[in-house]
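Asks:
In the working numbering, the protein residues as written are 2 to 380.
(1) Give me the Cα-Cα distance between residue 362 and residue 83, rounded to the nearest whole angstrom.
(2) Compute the Euclidean distance between the alpha carbons of residue 254 and residue 341, then round it to the nearest angstrom.
(3) Identify the continuous beta strand (DSSP E) that holds residue 214 and give its terminal residues.
(4) Is the stretch 151-163 in contact with the stretch 237-245, if contact means three or more CB pairs nearer than 8 Å?
(5) Quick one: measure Cβ to Cβ for residue 1 and residue 235, integer angstroms, because I've assumed they're closer than 8 Å.
(6) Helix, strand or coil, according to DSSP, for residue 265 in the structure here?
(7) Tell me which residue opens and which closes the alpha helix (DSSP H) that residue 140 is part of.
(8) Just to confirm, does residue 5 get its C-beta within under 7 Å of one of the non-hydrogen atoms of the ligand PLP?
(9) Considering only the alpha carbon of each residue, which of 47, 39, 126 and 251 lies closest to residue 32?
(10) List the DSSP bridge partners of residue 258.
(11) Does residue 201 pass the burial test, meaning 16 or more other C-beta atoms within 10 Å, or should it be called exposed?
(12) At the level of alpha carbons, what is the spacing between residue 376 and residue 350?
(13) Considering residue 52, what are the terminal residues of the beta strand (DSSP E) in which it resides?
(14) Grab the span of the alpha helix (DSSP H) containing residue 358 for me, first residue to last.
(15) For the alpha helix (DSSP H) containing residue 80, name the first residue and the last one.
(16) Would residue 27 be called buried (16 or more neighbouring beta carbons within 10 Å of its own) or exposed?
(17) So, with DSSP's three-state summary, where would you put residue 196?
(18) State the DSSP-derived secondary structure class of residue 37, mapped to helix, strand or coil.
(19) So, at 7 Å on beta carbons, what are the nonlocal neighbours of residue 203 in its own chain, with the 5 sequence-adjacent residues on each side left out?
(20) Less than 8 Å between the CB atoms is what I'm expecting for residue 357 and residue 334, so what's the real figure, rounded?
(21) Beta-carbon separation of residue 231 and residue 209 under 8 Å?
(22) Could you tell me which of 172, 277 and 86 sits nearest to residue 301, measuring between CA atoms?
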């Protein structure tokens with residue numbers, strides 16, 4: 002194998018599949034990137050039995066062939082190459098990369114031992130690339146990082162007619178967002194659980210794609226989902242199991258609420274959080290015209306702040322973890338935030354619902370919803 006390529010194209014083509022590699026590699030060969038030169042292009046791909054990624058870039062192919070080399074090492078080299086044309090060739094069990102005065106020789110891994118990449122079936126549907134990127138970014142923080150319940154390590158994808166809803170929860174909060182879905186396969190109702198970390202990285206890698214095609218395969222030996230866009234393809238195995246029916250937890254009575262300037266509230270939370278430790282809850286007292294924040298830490302450290310607010314309904318006090326609240330505010334991504342107070346049970350405050358609001362008086366479309374369970378109030 003021998004080919005020449007533009008250095009920027011080479012670096013971009015290598016870095017994409019390598020970004021999809023897991024942080025821990027179980028077998029050295031699964032940390033490799035497969036280069037396949039044929040015709041007038043080179044494909045770059047990875048597969049570790051769970052996740053695959055593949056892209057192609059234009060090249061002058063002098064000798065067609067395949068080579069397998071360490072993915073992260075090749076990506077690091079590609080980023081540091083000078084601006085001269087890149088030439089890659091296989092020579093005596095080595096992969097030689099040269100650009101200008103720089104020359105590297107990497108050991109070639111056995112291509113015949115590398116697993117075959119999974120194939121994708123017909124397109125299930127597609128979404129706008131920007132909608133997909135934003136929706137994943139909004140719900141991803143709510144996915145669980147603990148390994149106790151695998152289903153909660155995923156994002157719940159639910160297709161109903163022409164809407165794709167993404168939902169994540171770690172039991173303490175729930176985030177959900179619906180986006181328009183071009184239902185090419187005419188799926189009436191389908192849901193799957195997708196590994197959250199993988200789909201989050203996939204959304205970043207496909208952030209420049211105008212449209213993202215989605216392929217869902219629930220039949221056969223490998224149950225997987227694929228994302229295609231911007232000359233890139235990513236697949237990942239689905240998480241088996243049943244996702245908890247969290248949608249029923251969202252309140253339907255939205256009459257008890259407050260509206261606050263998002264930037265002012267975020268800044269006040271950041272200030273009061275300086276005195277609390279380990280993301281301990283901050284106390285919020287919502288009254289007409291004002292919300293007062295207070296927090297305490299070790300060695301009698303304490304802080305208070307206040308923000309103007311409009312309140313509809315009775316005065317209420319809740320305790321909220323600052324990092325969780327920030328995730329909700331960031332997800333709503335609006336100039337104003339509407340916080341809806343759920344009904345309280347005996348000695349336990351009800352959940353608060355965070356919604357985006359375009360202006361002080363104009364509610365948003367509520368396509369993003371974030372439900373946070375308050376902490377118990379300490380006297």
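Virtual Cβ for every residue (Gly too), placed ideally from N, Cα, C.
Replies: Based on what the coordinates show:
(1) Counting from one through the chain shown, the residue named residue 362 turns up at place 361. Counting from one through the chain shown, the residue named residue 83 turns up at place 82. Spanning the two alpha carbons is a distance of roughly 55 Å.
(2) As a working note, residue 254 is residue 253 in the chain shown. As a working note, residue 341 is residue 340 in the chain shown. In this structure, the CA atom of residue 254 is about 9 Å from the CA atom of residue 341.
(3) In the chain shown, the residue the question calls residue 214 occupies position 213. Here the beta strand (DSSP E) through residue 214 covers 212-218.
(4) Taking a cut-off of 8 Å for Cβ pairs, the stretch 151-163 and the stretch 237-245 touch, as three or more such pairs fall below it.
(5) The chain is shown from 2 up to 380; residue 1 falls before or after that span and cannot be answered.
(6) Taking the first residue of the chain shown as position 1, residue 265 is located at position 264. The answer is helix: DSSP assigns residue 265 an H, G or I state.
(7) Taking the chain shown and counting its residues from 1, the one referred to as residue 140 is at position 139. Where residue 140 is concerned, the enclosing alpha helix (DSSP H) stretches over 130-140.
(8) Because no ligand of any kind appears in the structure shown, any question about the ligand PLP cannot be addressed here.
(9) In the chain shown, the residue the question calls residue 32 occupies position 31. If we check each option's Cα against that of residue 32, 47 comes out closest.
(10) In the chain shown, counting from the first residue as 1, residue 258 sits at position 257. Answer is 313 and 341.
(11) Walking along the chain shown from the start, residue 201 turns up at place 200. Label assigned to residue 201: buried.
(12) Locating residue 376 in the chain shown gives position 375, where the first residue counts as 1. Locating residue 350 in the chain shown gives position 349, where the first residue counts as 1. When rounded, the distance between both Cα atoms is 8 Å.
(13) By 1-based counting over the chain shown, the position of residue 52 is 51. Element bounds for residue 52: 52-59.
(14) Residue mapping note: residue 358 aligns to position 357 of the chain shown, counting from 1. Run containing residue 358: none in the alpha helix (DSSP H); it sits in the beta strand (DSSP E), 353-358.
(15) For the purposes of this step, residue 80 is taken as the residue at position 79 of the chain shown. Here the alpha helix (DSSP H) through residue 80 covers 72-81.
(16) Indexing the chain shown from 1 puts residue 27 at position 26. When all chains shown are included, residue 27 counts as exposed.
(17) Locating residue 196 in the chain shown gives position 195, where the first residue counts as 1. Assignment of residue 196 by DSSP, reduced to helix, strand and coil, places it in the strand class.
(18) Here residue 37 refers to the residue found at position 36 of the chain shown. Strand, per DSSP.
(19) Translated into the one-based positions of the chain shown, residue 203 becomes position 202. Cβ within range, chain order: 228 and 235.
(20) Taking the chain shown and counting its residues from 1, the one referred to as residue 357 is at position 356. Taking the chain shown and counting its residues from 1, the one referred to as residue 334 is at position 333. Sure, about 6 Å apart at Cβ, within 8 Å.
(21) For the purposes of this step, residue 231 is taken as residue 230 along the chain shown, with counting starting at 1. For the purposes of this step, residue 209 is taken as residue 208 along the chain shown, with counting starting at 1. A Cβ-Cβ contact shorter than 8 Å links residue 231 with residue 209.
(22) Reading the chain shown from its first residue, position 300 is the one you call residue 301. The shortest Cα separation from residue 301 among 172, 277 and 86 belongs to 277.
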